[in-house]
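See structure below.
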Amino acid sequence: MKALILVGGYGTRLRPLTLTVPKPMVEFCNKPILLHQVEALVKAGVKHVILAVSYMSELLEREMRAQEQRLGIKISLSHEKEPLGTAGPLALARELLTDSEEPFFVLNSDVICDFPFEDMLKFHLRHGREGTVVVTKVEEPSKYGVVVYEGDTGRIHRFVEKPQVFVSNKINAGMYIFSPAMLSRIQLRPTSIEKEIFPVMAEEGHLYAMELQGFWMDIGQPKDFLTGMCMYLQSVRQQAPDKLHTGPGFLGNVLVDPTAVIGKNCTIGPNVTIGAGVVLEDGVRIKRCTVLKGAHIRSHSWLESCIVGWSSSVGQWVRMENVTVLGEDVIVNDELYINGANVLPHKSITDSVPEPRIIM
Amino acid sequence: MLKAVILIGGPQKGTRFRPLSFEVPKPLFPVAGVPMLQHHIEACSKLPNMKEILLIGFYQPNEELNRFLSCAQQDFKISIRYLQEYAALGTGGGIYHFRDQILSGGTEAFYVMNADVCSEFPLPEMLDFQKEHGDTYSFVIFGTTANRKQSLNYGCIVENEQTDEVLHYVEKPSTFVSDIINCGIYLFTPEIFQHIGTVFQKNQQDMLLEEQSNGWHRAEVIRLEQDIFTALAGQSKLYVYKTDRFWSQIKSAGSAIYASRLYLNQYHKTHPERLAVNEDGGPNIRGNVYIHPTANIDPTAVLGPNVSIGTGVTIGAGVRVRESIILHGATLQDHSCVLNSIVGWDSTIGKWSRVEGTPSDPNPNDPYAKIDSETLFRDGKLTPSITILGCNVNIPSEVIILNSIVLPHKDLNRSFKNQIIL
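As you go down the protein sequences, you meet chains D and E in turn.
Here the numbering used here = 1-based position in the first sequence + 90.
Take the second sequence: its letter number 411 is residue 399 in the numbering used here, and every next letter is one higher.
Below, the structure is given as structure tokens:
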């Protein structure tokens, strides 16, 4: 089986992290975002993953070659010369996707959940039509495009963009499975699958909705990245609690790479991910944060709701909060207060940032 | 024989020092570990002919003041008395009212000092200067140089550069007059009372002429600056002794931190025993730090520069304090961080909390810059200032209190920024 992942462009919403690392390779809960999806696909029997990218990155290519080896599958990069939207990349990869009659998966690359690929395949084969869209329940449907479908069969009637009156609380979760016949609907030009392809398929009775169980998050921006981390760690707690770190000084769900070094009298958690080679000195308090590979947090600092970029260094008695994101190799001097800053890579911060802003 | 008068004001004054002046009369607020007034008293007590120090003000007699007076009398072995005005009589009216007390015993000259200044107090130098200038009846104002803009906030002195005679005096002018400012420390001879008496009599006559005198206006209220110095200027009576050694007003709480820094720096010469040093088993000291011997400080704490720790303060592991005054009985729990703040008596700061203010230090690149004791609000917004926790304030763990003033006896339950918390 095959899968196409819509990786897309530069990942600008996840800057400043994506200024130095391609988005698919940014670690989410100590694993590159893309590998969460690829590994779940492999588990469901996918042998060939196609990444639809609109820019080329040597780093990404090299990493994918390594993953091909590790996972024993084929990974192709399908490069768009111009951005083709969410449907165009399917046309570009048409030949790869139509060399068998098997259905194939299509995913948005920013989605994190308990991937239900095997259930999708079963559901899709059962209704026998061209497409299946995974839907997930949201609290505020008025912020999204919602999907209206038959409760018992899942057959989709229509899509409503940002509904002002309640029609449904289910939204497109960005995961699909299609039969190859569906590709005849798409031409090689910039096209939106949600706005141009799906409504027609629904009209013709070719599109079915499958409800997702469990959590779901689009982690394409820092705030949601952290929310998604909390959800993911809770899911780990339920499914594989042994992976979480426990003991004195650890609160709630905390994921710690075995190569990280943690000092005395720290209080860590809830909802913290500590990457490889990270050093937390004595007396650090950290909650609801992701600390990426090689970062160093010096003693007595306090961090909440932050993403600390690779190899960054946070000084002593620093207070950092409110979705502060440090890019790669940022230095925060001692005793500063950093509130909601987005700090570009390789910067040295010498003054407090009392109000949210971007540090160029 | 010499005497000294320290004008300590009263409870209605010093509002810019709130909420700290609710708990203790402002002149007793500790600066560099000792009451503000003690620096004046110590300087006076070093003069060989100093017979008595008189505090004049309109505080009701109170326990703190009494305790301070009896301790200071013992420590400095000099008579110190408090003379209470029946009302606020102004800087000239107060000394005029108590002129008999000041002159009793044959006072030849006496100093008058405002309590809310911090200075090296060059009192012997002022005495020598008086002898060298004019006749023995001349009066001396201690002056210093300010920058042009800030001079407008002070009494401004124009001098004859050859003789140092004061040619012109104006209090807080609206346009630039002179960059020599009045430091609020004077040396008078008994003759000054003739000049004040003249103003007093004139005031009385004016009031008789007024049909309906305003109830609050009294003939006895006389200001040295506007009523006396302005008239004496150009009369070959008034001279200015200038020095650029350290001097600052202590109007706002923020200036108390600045004044502490100046005094702590002076301790290298005057009281090296008051400066904490790095030793085994003690906290990490950076720069000038005063720690009262009764304070209990974890060896992993890092203190300084410019930190004063009062009696019975408890400081936990991994605590950081810089540019701050911690008043007696306060507790700073582990990993907390206090920067540019005054932590009130018996207040508590929880683990990993951050209490931070914004210093209002004078421009370090301008040798004549003074601290701005500006108003709390500008354009309807609280100007960023040092953070002040009043007495018995409780700050929970892991919050930030930034540029805020917390009134006494508050238990906070979250972070606050740029607020006055009633």
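A virtual CB, placed ideally from N, CA and C, is assigned to each residue, including glycine.
Treat the numbers as computed from the prediction; the structure is a model and nothing was measured.
Between D/Lys133 and D/Val344, the alpha-carbon positions lie close to 25 Å from each other.
Put simply, of E/Glu213, E/Arg249, E/Ile129 and E/Ile297 the residue whose alpha carbon is nearest the alpha carbon of E/Gly332 is E/Ile297.
When the alpha-carbon of E/Asn284 is set against those of E/Asp322, E/Asn353 and E/Phe188, the nearest one is in E/Asp322. For D/Asn429, the enclosing beta strand (DSSP E) stretches over residues Tyr427 to Asn429. Sixteen is the threshold: when 16 or more other Cβ atoms of the shown chains lie within 10 Å of the Cβ of E/Pro18, as they do, the residue is buried.
Here the stretch 267 to 276 of chain E does not lie against the stretch 212 to 225 of chain E, with fewer than 3 beta-carbon pairs under 8 Å apart. Using a Cβ-Cβ cut-off of 7 Å, D/Pro444 is close to Leu390 of chain E, given in chain order. The DSSP-derived three-state label of E/Gln89 is helix. Setting aside the 5 residues that flank it on each side, D/Asp441 is surrounded in the same chain by Leu426, each with a C-beta closer than 8 Å to its C-beta; the list follows chain order. A Cβ-Cβ distance of about 7 Å is found for the pair D/Val223 and D/Ile246, placing them in contact under the 8 Å criterion. The three-state reading of DSSP puts E/Gly81 in helix, counting H, G and I together. Three or more Cβ pairs closer than 8 Å define a contact, and the stretch 133 to 148 of chain D falls short of that threshold against the stretch 235 to 250 of chain D. A contact is defined here as three or more CB-CB pairs under 8 Å, and the stretch 151 to 160 of chain D fails this definition with respect to the stretch 355 to 363 of chain D. In the same chain as E/Leu220, and ignoring 5 residues on each side of it, the C-beta atoms closer than 6 Å to its own belong to Leu226, in chain order.
If one requires a minimum length of 4 residues, the alpha helix (DSSP H) runs lying completely within the stretch 205 to 293 of chain D are 207 to 217 and 288 to 293, in chain order. Residue contact check for E/Ala305 against chain D: a CB pair falls below 9 Å.
For E/Glu208, the secondary structure class from DSSP, reduced to helix, strand or coil, is coil.
Here the stretch 78 to 88 of chain E lies against the stretch 205 to 217 of chain E, with 3 or more beta-carbon pairs under 8 Å apart. In this chain, the beta strand (DSSP E) harbouring D/Leu297 covers Leu297 to Glu301.
Residue environment analysis places D/Arg447 among the exposed positions, since fewer than 16 neighbouring C-beta atoms fall within 10 angstroms of its C-beta. Leaving aside the five residues that flank D/Glu371 on each side, the residues in its chain whose CB is nearer than 7 Å to its CB run, in chain order, Gly353, Ile387, Arg388 and Ser389. Taking the Cα positions, D/Arg155 is about 24 Å away from D/Met265.
Nearest CB-CB separation between E/Leu320 and chain D: not below the 9 Å threshold. In the three-state DSSP reduction, E/Pro281 falls in the coil class, being neither helix nor strand.
DSSP, reduced to helix, strand and coil, places D/Thr102 within a helical segment of the structure shown. Taking 9 Å as the CB threshold, E/Trp235 stays off the interface with chain D.
Boundaries of the alpha helix (DSSP H) harbouring E/Asp63: Glu51 to Phe64, taken from the DSSP string.
A straight line joining the alpha-carbon of D/Ala130 with that of D/Val290 spans about 30 Å. The contact set of E/Leu327 on chain D, defined by CB atoms closer than 7 Å, consists of Glu425 in chain order. By the neighbour-count criterion, in which a residue is buried when 16 or more other Cβ atoms sit within 10 angstroms of its Cβ, D/Ala330 is exposed. Within the stretch 335 to 357 of chain E, the residues whose Cβ lies closer than 7 Å to any Cβ of chain D are, in chain order, Trp340, Arg342 and Glu344.
Contact check for E/Leu252 and E/Ala20: beta-carbon distance about 5 Å, within the 8 Å limit, so the pair qualifies. Of all C-beta pairs linking the stretch 243 to 261 of chain E to the stretch 114 to 129 of chain E, fewer than three are shorter than 8 Å, placing the two stretches out of contact. Residue state for E/Tyr125 is assigned as coil, using DSSP reduced to three classes. Annotation for E/Glu40: Lys(-9) and Ser67 place their beta carbon closer than 6 Å to its own, counting only its chain and skipping 5 residues before and after. Secondary structure of E/Phe188 (DSSP, three-state): helix.
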